[in-house]
Amino acid sequence: MQKHKGNEQKANNVDAAMDKLRQSIADNATTKQNQNYTDASPNKKDAYNNAVTTAQGIID
Numbered sequence: 001m002q003k004h005k006g007n008e009q010k011a012n013n014v015d016a017a018m019d020k021l022r023q024s025i026a027d028n029a030t031t032k033q034n035q036n037y038t039d040a041s042p043n044k045k046d047a048y049n050n051a052v053t054t055a056q057g058i059i060d
């Protein structure tokens, strides 16, 4: 029974993390309009864009 509760908690944690990931992807357009993004170096923009692409692959 204890193992079941532990597995259930892990599943809940994964669900919460996936929800946060989905929300951050949904905020992508807003982030790209943010001054920090527009002022960032091309390398940092590329890193952000690559991270978003990777995250989209995870949630799709």
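No gaps in the numbering here: position 20 of the sequence shown is 20 in UniProt numbering, and each next residue is one more. A virtual CB, placed ideally from N, CA and C, is assigned to each residue, including glycine.
Whole angstroms is fine: what's the gap from residue i's alpha carbon to residue j's?
i, j, result
"Lys3", "Ser24", "32 Å"
"Asn28", "Gly6", "33 Å"
"Asn12", "Met18", "10 Å"
"Ala26", "Tyr37", "16 Å"
"Lys10", "Lys20", "15 Å"
Where do the ends of the alpha helix (DSSP H) carrying residue i lie?
i, result
"Asn43", "Pro42 to Ile59"
"Asp15", "Gln2 to Ala26"
"Asn36", "Gln35 to Asp39"
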